[in-house]
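Here's the structure, in structure tokens; my notes come after.
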Amino acid sequence: MPTYEAHRLTRLFRRKDEEMLPELHQIFKSDRDKYVSMYQEHNADLEELMLHDTNVDMEEIDRAWTAGNPEE
429 MPTYEAHRLT
439 RLFRRKDEEM
449 LPELHQIFKS
459 DRDKYVSMYQ
469 EHNADLEELM
479 LHDTNVDMEE
489 IDRAWTAGNP
499 EE
């Protein structure tokens, strides 16, 4: 996996994880069983997101990273 792709996936994972943390924290304080269930669902969602994202045709994005300076 190219470095830029790994970096992009890391940012995507972190953003989605941080969006869910406040909700998970509230559930954790009140209902531990529901928390475990929600956490597992969140992890499955993240996994699906990552799999979907890596299956996207990256050819156009790859060219943006490797293209020369358009002003030259």
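Residue numbers for the sequence shown follow my numbering, beginning at 429 and rising by one. The beta-carbon is built from N, C-alpha and C at its ideal position, and this holds for glycine as well.
A contact is defined here as three or more CB-CB pairs under 8 Å, and the region 435-444 fails this definition with respect to the region 455-465. When DSSP states are grouped into helix, strand and coil, methionine 448 belongs to the helix group.
Looking only at Ile455, Arg439, His453, Lys457, the smallest Cα-Cα distance to leucine 474 is reached by Arg439.
Taking C-beta atoms as the reference points, leucine 437 and methionine 478 count as a pair closer than 8 Å.
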